[in-house]
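A short write-up of the structure that comes next.
4 protein chains.
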Amino acid sequence: MIRPTFRLAGWCKIILGGLAGAALVSGSPWPTRGSQQAAQRPLAEKFWPSEFGADDQRGAANRITPAKVTSAARLVNKGQIYQLGRLYEHGMPIPGKRHFSLTIPGLPTSPPTGSNKMVSNDELFSGEIGQVGTQFDGLGHVGVRLGGEDYFYNGNKLSEFGDTYGLKKLGVENVGVLFTRGILLDVCATLGKDRLPAGYVISPDELAACLKNANLEIQEGDVLLIRTGHGKLWMKDNPAYAAGEPGIGLAAAKFLTDRKVSLIGADTWAIEAVPHERADLAFPVHQWDLTKNGVYHLENLDLEQLAADGVHEFCFVFSPLRLKGATGSPGNPIAIR
Amino acid sequence: MIRPTFRLAGWCKIILGGLAGAALVSGSPWPTRGSQQAAQRPLAEKFWPSEFGADDQRGAANRITPAKVTSAARLVNKGQIYQLGRLYEHGMPIPGKRHFSLTIPGLPTSPPTGSNKMVSNDELFSGEIGQVGTQFDGLGHVGVRLGGEDYFYNGNKLSEFGDTYGLKKLGVENVGVLFTRGILLDVCATLGKDRLPAGYVISPDELAACLKNANLEIQEGDVLLIRTGHGKLWMKDNPAYAAGEPGIGLAAAKFLTDRKVSLIGADTWAIEAVPHERADLAFPVHQWDLTKNGVYHLENLDLEQLAADGVHEFCFVFSPLRLKGATGSPGNPIAIR
Amino acid sequence: MIRPTFRLAGWCKIILGGLAGAALVSGSPWPTRGSQQAAQRPLAEKFWPSEFGADDQRGAANRITPAKVTSAARLVNKGQIYQLGRLYEHGMPIPGKRHFSLTIPGLPTSPPTGSNKMVSNDELFSGEIGQVGTQFDGLGHVGVRLGGEDYFYNGNKLSEFGDTYGLKKLGVENVGVLFTRGILLDVCATLGKDRLPAGYVISPDELAACLKNANLEIQEGDVLLIRTGHGKLWMKDNPAYAAGEPGIGLAAAKFLTDRKVSLIGADTWAIEAVPHERADLAFPVHQWDLTKNGVYHLENLDLEQLAADGVHEFCFVFSPLRLKGATGSPGNPIAIR
Amino acid sequence: MIRPTFRLAGWCKIILGGLAGAALVSGSPWPTRGSQQAAQRPLAEKFWPSEFGADDQRGAANRITPAKVTSAARLVNKGQIYQLGRLYEHGMPIPGKRHFSLTIPGLPTSPPTGSNKMVSNDELFSGEIGQVGTQFDGLGHVGVRLGGEDYFYNGNKLSEFGDTYGLKKLGVENVGVLFTRGILLDVCATLGKDRLPAGYVISPDELAACLKNANLEIQEGDVLLIRTGHGKLWMKDNPAYAAGEPGIGLAAAKFLTDRKVSLIGADTWAIEAVPHERADLAFPVHQWDLTKNGVYHLENLDLEQLAADGVHEFCFVFSPLRLKGATGSPGNPIAIR
């Protein structure tokens, strides 16, 4: 997520137009608890230590206990696998100045060798690997600037853990594996819509309605996947896909984090509504989920087949690439029933 | 696998020294069945169509049926996950002229935005993504040149399916997900060794002994992971790790493909013994497994914890990145018990 | 040049629509001299050895003798330098699946070091470096397929000099430095136009008129820069810039190569008219100039200031990056008077 | 320059060992003029505005006036060109975690097109383009941290002009072209040595002796190229090349900047002696030349042929790539006589 372009796009000028005067009053970076500012900004108060301990780097992945793994495996009864990751391909929607390049050097890369005339091919990739296409946002992805410092999950300061060649803390290699129960929250079906419009803010009640429809309750450590229908635009109408999206706002995010989920995914590029619910806040759900609560995001998912088959509860598996010091990971998460 | 450097390295001159006279006699590219050449080279005869059909692009992944998935899930009883993928990091062994670069652009990549002062980081990756570090070899990776054409799995000609920006057939996006039963073949423990030496050729009998020790039999669609101890050198003695390796030869490869496995993995960079069993054949096991049989390879695995815990049978999950037209995939495969 | 996209673009379907039946009749790759085919295709006959010798890799750069260098330097009288290279920047027109990425890793890349608190920045570039933005086409860039082989300048076969990690012959490092006399052929001014339309084919007579207007004659080894006005679209209307261009055809190319120039440049992305004069020939001027005659191309130049100042004769300097085995080079060529 | 590795190398631990206690006393970032600290660190005092004006971004390139250009051109009498740039190639010395990758996608990149069967090749580059191989250090490359801010040439603050996708000020595109008089200071020949040892600190007197030997005086705007003989190690003994180098210290740097040169080059990777003259200062000559004086550096030059031919005065031309917002540039600078 976090599309640098959007700062330049038309509606963003509107969104961000009122921000100039909203800078933090200097002095103490932390407003007093209960102040008006605190109510408005997700990270207006000191937000650490994490409930998982002051040194924790795994966040809500800690909720996936061995018992949780075992019970998730028990959800596999038909042996049917759904690939939720999209193709990484030329022409997919990529925001701002990020890029994606995949080439085959040489074709074949290695010429015939040996009396067995072996030939082989490689592929060369260049791009913002954890932030193009289907992507997992790790805890080094989003933070908040307060008093001249950039604070991330568990109060880690970027000036201390940042490094040109990979973060020294909060790297995606710390996450481990997300093998847990997954739930599909089919919001657009529940609302009787084909596709929710950009900027539509999904409410907690709507999430609750989805759960009720599916006769499911959220349990600690679950992965929640939100279907908005926006994903139907992927590679069909990329400008519309990128221009905005429906999604949750802070209230629905709180609904989910209160229920101690481990990860929130969606068929959108940012999980949260864009344009945002409050024009002056940039991607506040990212801050709430990742920075404050250590709950991960998984974006640009393909949830259509799950929905078509009416699969609402499943074994979910995602194993991030162990890219040392990376802020995110590409991947092909799966749902199995 | 397939290290371009090795063509330059000292022992390779020896290996390949006798090849000049071994070029195929032109005319018909296919020697008559039963000829001496056919006996010597894994792909000396027309090797297609595949048993999975003349148009198949999934190879041995087809063996992972829904029933296989379900029974693999039943192997999860303790909820314990083993990450078999290594860290992708600067300084890891990389052959030839391939490279790995990971940087954080900007730090933070996006400056503070909104009244909530959101900051964010990306990571930029450049490298042969499916062929550095822990890597999955797809069916577009290895082929054979015969009569001026480069043939791959199922007789596909590179001149027809090759493309500068991603293969038009046999791309890794066709594989799907490997969710199946896994078996650890702990060869070095079975042989009472700490680590097998480079060039050691593992025999079919030794694989059978591993199975017997573990009281297991191979079933169709299984993933077999071969532990040689060579992986102990990773990031400890990288030159030794890269200079050669123990591994299977053609006989042991045939032992496994006869038993209809889906994938062979190892704690080495090429699965097969290097220097090779026969000096004139370059990576013949790759051709046998991938090109002829459609059986996948997974290299540079970390199998130490599995072995230390005595885990020989487990639920194995690997979901390749859906890189359109790629020859391989990075990843963090897992074993769960 | 050579935009893979154009194969996909609307008008290209028209251009290339009639090609299916035009494939070379197999058997001898070389049509008999004087055949109809020979008249139609620039490289229909054996086109080597080069006039510079059968082993030559420098092509028309050989025409720049020490005497030529000295006389070019004598053209510097005002000490005024014109930068003809465009900015390499995000958003510049890039064809097909090529890409351009420039980032600053870390910002600063190196944190404060020493008691003098030195900090430093690098930049990371990824892209088709010799084929994006202002670009120099070397002799490894364009060739012709005949009888199953790809032939390049001086009859070099790609199957022999091609290499995944840089060409073994004809690499841009062989060119040396182009320090010579330059001439501006201001075609659009001569024709009284602000900008020539896409597809406009500049004739030999029009080039001769430009020379006459400037009271100049071409001498061996000169660099000729053709101004069409198309460059005014750069970063102003990129889709129009990329969709086509005015330029020379085979007749004007022959006019220039007959006069033994060393390089032809233009304020366009391909020097030659697009759509092409003959719909069935793809970039025939490239083949004529580079492959047959060893005359270089320099594309995406900014010639506006030269024209505005009425500078038609000047000292021209371009020193390609010595990228070993590369097919081209980026650069900032200059004109000095 | 600025090799992140060296912080890790053996001798660097020694060099930097005493720095922990040397941090700036907080409060005012600027020590009082004449304090002991000021005498010890090149940028201990406020070092701006530049003599070229408070808004200047070109630094010492301003010294190359039209008259200077014209007189430099007059030095061309034999028409002999020396290429001072080295080959960019796999295996060249690259410090730290920077990388260089050059591949030919596809080979050919574009398959046969048109009835003329045109084929073409590109090259894909990935790497720290302005900081690998022969490299030009621009004014955005090196700065100093003082009081929490990173200050660069003319007092520009990185927090203000830094940008993830290219610097907003001091980018290399501002430099223009260096077409001026060049002087070879052949220090190793003057000292009767084949090659100066790593850590050798060249004195002002030694530079003066070189000038006297050549019967030359420095004039404003000249380019000075320092030959140490260290360049003989390039691609011959890369570890020795990278482990350290002879070069100037602050005194010789001041000798040159007092004489108002525009650029200092050398056959080394950092111009200045490594290990440094004073162990606690990291690359102080870089700060003196670039950050304070706006005098450019050009590193990893090949000066052997110039020296062999006894060429001490010449026309020098270097035209940096116009990479928008880049900190440096690759290139092939030339000397012509």
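Keeping their order, the protein sequence lines are chains A, B, C and D.
Here this note's numbering is used: the first residue of the first sequence is 2, the next is one more, and so on.
Here this note's numbering is used: the first residue of the second sequence is 2, the next is one more, and so on.
Here this note's numbering is used: the first residue of the third sequence is 2, the next is one more, and so on.
Here this note's numbering is used: the first residue of the fourth sequence is 2, the next is one more, and so on.
Positions of the beta carbon are idealized from the N, C-alpha and C atoms, including for glycine.
Query, Result
"Which of the residues in the segment 95-112 of chain A, read from start to end, lie with their CB under 8 Å from any CB of chain D?", "K98, S102, T104, I105, P106, G107 and L108"
"I'd like to confirm the pairing. Which residues does DSSP put opposite P106 (chain B) in its beta bridges?", "C:P106"
"Quick check on D187 (chain C): buried or exposed, where buried means 16 or more other Cβ atoms within 10 Å of its Cβ?", "buried"
"If you reduce the DSSP assignment to three classes, tell me which class T191 (chain A) lands in.", "helix"
"Is there a Cβ of chain D sitting closer than 8 Å to that of P321 (chain C), yes or no?", "yes"
"Pull up the distance between the alpha-carbon of V133 (chain D) and that of A271 (chain D), whole angstroms please.", "12 Å"
"Please list the partners that L125 (chain B) has in chain C, where partner means a Cβ-to-Cβ separation under 7 Å.", "T104 and L125"
"Count the other CB atoms within 10 Å of the CB of A309 (chain C); is the residue buried (16 or more) or exposed (fewer)?", "exposed"
"Are G148 (chain D) and V202 (chain D) closer than 8 Å when you measure CB to CB?", "no"
"Between the C-alpha atoms of G163 (chain A) and I227 (chain B), what's the straight-line distance to the nearest angstrom?", "38 Å"
"Give the residues of chain B in contact with T165 (chain D), contact being defined as C-beta atoms less than 9 Å apart.", "P106, G107, L108, P109, T110, S111, P112 and D123"
"Less than 8 Å separating the beta-carbons of G332 (chain D) and T135 (chain D)?", "yes"
"Which runs of the beta strand (DSSP E) fall wholly inside the segment 211-269 of chain C and span at least 3 residues, in chain order?", "224-228 and 264-267"
"Please check the pair F256 (chain D) and L208 (chain D), which I expect to be a contact at CB under 8 Å, by giving their CB distance rounded to whole angstroms.", "6 Å"
"Reducing DSSP to helix, strand and coil, say where H91 (chain B) ends up.", "coil"
"To be precise: take each residue of the segment 75-91 of chain C, compare its Cβ to all Cβ atoms of chain A, and keep it if any distance is under 8 Å. Which residues remain?", "H91"
"Using the beta-carbon of each residue, which ones in chain A are nearer than 8 Å to Q288 (chain B)?", "N117 and M119"
"Taking the C-alpha atoms as reference points, what is the distance between I82 (chain D) and V143 (chain D)?", "31 Å"
"Name the DSSP beta bridge partners of E273 (chain B), please?", "B:I249"
"Looking at the C-beta of I337 (chain B), does it have a partner C-beta in chain A at a distance below 8 Å?", "yes"
"Does the Cβ of D259 (chain D) have 16 or more other Cβ atoms within 10 Å, making it buried, or fewer, making it exposed?", "exposed"
"Is it right to say A68 (chain A) is buried, meaning 16 or more other beta carbons lie within 10 angstroms of its own, or is it exposed?", "exposed"
"According to the neighbour-count rule (16 or more other Cβ atoms, all chains shown, within 10 Å of its Cβ), is G86 (chain D) buried or exposed?", "buried"
"Using alpha carbons as the reference points, say which of C:F126, C:L168, C:I265 and C:K233 lies closest to L103 (chain B).", "C:F126"
"Could you tell me the alpha carbon to alpha carbon distance between A39 (chain A) and A45 (chain A), rounded to whole angstroms?", "Caution applies to A39 (chain A), whose pLDDT of 41 falls short of 50 and renders its modelled position unreliable; the value that the coordinates give is listed next. Answer to the nearest angstrom: the Cα atoms are 5 Å apart."
"Taking the alpha-carbon of Y154 (chain A) as reference, which of A:A336, A:R59 and A:G311 has the nearest alpha-carbon?", "A:R59"
"Hey, is A271 (chain D) close to the ligand SAM, as in C-beta under 7 Å from one of its heavy atoms?", "Looking for the ligand SAM in the displayed structure turns up nothing, as the structure carries no ligands at all."
"Between R323 (chain D) and D123 (chain C), is the Cβ-Cβ spacing less than 8 Å?", "no"
"Given a cut-off of 8 Å on the beta-carbon distance, is the pair I219 (chain D) and V262 (chain D) in contact?", "yes"
"When the Cα atoms are used, what is the spatial distance from D268 (chain B) to L88 (chain C)?", "48 Å"
"What residue ranges within the segment 290-319 of chain C form continuous beta strand (DSSP E) runs of no fewer than 3 residues, ordered along the chain?", "297-300 and 314-319"
"Use the C-beta contact count for D303 (chain C): other C-beta atoms within 10 angstroms, 16 or more gives buried, fewer gives exposed.", "buried"
"Need the endpoints of the beta strand (DSSP E) that E336 (chain A) sits in, please.", "Before going on, a small fix: residue 336 (chain A) reads as Ala here, not Glu. Run containing A336 (chain A): I335 to I337, per the beta strand (DSSP E) assignment."
"What does the Cβ neighbour count give for A283 (chain C), buried or exposed, with the cut at 16 atoms within 10 Å?", "buried"
"Would you kindly report the start and end of the unbroken alpha helix (DSSP H) that includes F162 (chain D)?", "L159 to F162"
"By DSSP's criteria, S111 (chain B) is part of a beta bridge. Which residues make up the other side?", "B:S121"
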